[in-house]
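Remarks on the structure that follows.
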Amino acid sequence: MKPSAFDYHAPGTATDAVALIAGLGDEAKFIAGGQSLMPMLNLRLAVFDHLVDLRKLAELRGIERRGDAVWIGAGTTHSTVGRSTELATAVPLLSRATPLIGHFQIRNRGTLGGSIAHGDGAAEYPAVALALDAEIEALSPRGSRTIPASEFFTGMWTTDLEADELLTGVSFPTWNGRSGFAIEEFARRAGDFALAGAAIAIRLDAASTLDRCAITLFGVAPTPVRVTAVESELLGRTIREIDADEIGRRALDSLDTVSDDLHGPAAYRRRVGATITARAWRRAVDEATAAREGSE
């Protein structure tokens with residue numbers, strides 16, 4: 001199938017883009033890489049009279065170190081993120097998530113901002129943003145604002161963005177010290193969305209005590225979920241006291257509800273999610289532990 005007819009717009013600046021979308025109203029939609037929107041348009045699951053193309057906006061592309069964070073423009077493609085040696089060092093969890101996204105054709109066209117703005121609960125970048133306490137920048141005719149990732153994902157494919165707001169960039173805080181990062185997921189086929197996944201970041205002090213921890217689950221709920229209660233219970237414990245399998249079980253047990261659909265019943269997702277979380281935890285611990293060994 002093909003999409004219904006629409007008018008095409010290609011503004012030259014972000015300011016022009018938000019002014020245009022505000023003027024056109026509910027019948028207009030931003031499009032960047034189009035990897036989520038175009039299939040919906042082709043299947044007539046969504047219909048818009050106007051598409052506002054963001055690909056000419058160079059100001060939305062790029063990777064910049066800004067103090068204790070790395071800013072990534074919303075129009076930066078997945079493949080650019082994956083190739084960045086700076087990100088591999090500064091925000092390794094983001095780099096490791098990138099190869100899990102779809103196929104190389106999708107990564108060549110899809111954008112970081114598009115993925116986060118789409119807010120799919122099974123997608124990798126939203127989970128990483130939540131795990132790392134990223135800050136999302138938005139622009140509208142009223143000006144700009146910053147939205148913490150913890151407040152950004154509000155429901156299935158819905159976010160805190162207003163209808164006339166454009167996601168312009170995302171800042172990812174960097175971690176120092178003996179840190180370890182891992183992202184694991186289970187999908188029926190390579191490139192499919194995850195039925196269950198976990199993004200984990202930890203940091204150990206000199207005594208191998210956990211002094212920072214982030215555990216985010218994805219693919220198991222309408223939005224990515226940060227299991228903060230489990231994180232809090234782990235802080236202050238030495239790494240040898242913590243059992244990875246127990247963390248996996250507790251992380252999934254902490255969820256009030258788990259997605260139950262034709263792709264996988266809730267009980268199945270809980271079992272798989274617990275295993276995936278335990279696997280990611282072990283990998284993060286191995287990296288954090290090796291960081292000390294390598295410095296001695």
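Residues in the sequence shown are numbered from 1 upward in steps of one, following the UniProt record's numbering. Even glycine gets a Cβ: it sits at the ideal position worked out from N, Cα and C.
Run of the alpha helix (DSSP H) containing residue i, from where it starts to where it stops
| i | result |
| --- | --- |
| Arg250 | 244 to 253 |
| His78 | 78 to 83 |
| Ser36 | Neither: Ser36 is in no alpha helix (DSSP H) and is coded neither H nor E. |
| Leu24 | 14 to 24 |
| Ala131 | 124 to 131 |
| Ala117 | 112 to 118 |
Rounded straight-line distance, which links the Cα of residue j to that of residue i
| i | j | result |
| --- | --- | --- |
| Glu231 | Ala244 | 13 Å |
| Leu161 | Ala74 | 14 Å |
| Glu287 | Thr154 | 32 Å |
| Gly119 | Trp157 | 5 Å |
| Ala14 | Ala199 | 32 Å |
| Ser179 | Glu59 | 32 Å |
| Gly294 | Arg96 | Because the pLDDT at Gly294 is just 44, under 50, the model does not fix this residue reliably, and the point stays unresolved. |
| Ile72 | Glu137 | 10 Å |
| Ile247 | Leu100 | 23 Å |
| Thr277 | Phe6 | 44 Å |
| Thr174 | Asp68 | 6 Å |
| Gly34 | Asp16 | 20 Å |
| Arg65 | Val170 | 12 Å |
| Val285 | Ile202 | 7 Å |
| Gly177 | Asn42 | 48 Å |
| Ala214 | Lys2 | 42 Å |
| Pro141 | Phe152 | 20 Å |
Continuous beta strand (DSSP E) stretch holding residue i: start and end
| i | result |
| --- | --- |
| Ile70 | In the sequence as displayed, the identity of residue 70 is Val instead of Ile. Segment 69 to 73, the beta strand (DSSP E) holding Val70. |
| His103 | Looking at the DSSP string, His103 is not in any beta strand (DSSP E), and its letter there is neither H nor E. |
| Ser140 | 135 to 140 |
| Thr228 | Careful: Thr228 lies outside any beta strand (DSSP E), inside the alpha helix (DSSP H) at 228 to 234. |
| Leu60 | Taken as a continuous stretch (DSSP letters only), Leu60 belongs to no beta strand (DSSP E), as it is neither H nor E. |
| Arg237 | Looking at the DSSP string, Arg237 is not in any beta strand (DSSP E), and its letter there is neither H nor E. |
| Thr216 | 210 to 218 |
Distance between beta carbons of residue j and residue i, contact taken as under 8 Å
| i | j | result |
| --- | --- | --- |
| Ala221 | Phe172 | The Cβ separation is near 22 Å, so there is no contact. |
| Ala123 | Phe218 | 7 Å |
| Pro224 | Leu130 | 5 Å |
| Arg269 | Ser254 | Incorrect: roughly 14 Å between the Cβ atoms, too far for contact. |
| Ile242 | Leu204 | The pair is not a contact, with the Cβ atoms about 11 Å apart (cut-off 8 Å). |
| Thr98 | Val81 | 5 Å |
| Met40 | Ala46 | 4 Å |
| Phe186 | Val272 | 5 Å |
| Glu165 | Ala280 | Contact flag wrong, Cβ pair sits at about 33 Å. |
| Lys56 | Gly12 | 6 Å |
| residue 327 | Ser84 | Only positions 1 to 296 of the chain appear in this structure, which leaves residue 327 out of reach. |
| Leu210 | Leu235 | 6 Å |
Simplified DSSP assignment, three categories, for residue i
| i | result |
| --- | --- |
| Thr98 | helix |
| Leu204 | strand |
| Ala194 | coil |
| Arg270 | helix |
| Ala199 | strand |
| residue 300 | Since the first residue of the chain shown is 1 and the last is 296, residue 300 is not available in this structure. |
| Gly294 | Caution applies to Gly294, whose pLDDT of 44 falls short of 50 and renders its modelled position unreliable; the model cannot decide the point. |
| residue 306 | Given a span of 1 to 296 for the chain in the structure shown, any question on residue 306 remains unanswerable. |
| Ala46 | coil |
| Phe152 | helix |
| His9 | strand |
| Gly177 | coil |
| Leu262 | coil |
| Ala278 | helix |
| Arg189 | coil |
| Thr223 | coil |
CB contact below 9 Å: residue i versus chain D
| i | result |
| --- | --- |
| Gly110 | No chain D appears in this structure, which consists of one protein chain only. |
Determine contact between the segment 182 to 202 and the segment 257 to 269, defined as no fewer than three beta-carbon pairs at a distance below 8 Å.
-> yes
Would you check if the segment 80 to 92 and the segment 137 to 149 touch, i.e. whether three or more CB-CB distances between them fall below 8 Å?
-> Verdict: no, contact absent.
Touch test, the segment 8 to 24 against the segment 48 to 56, Cβ-Cβ under 8 Å, three pairs minimum | yes
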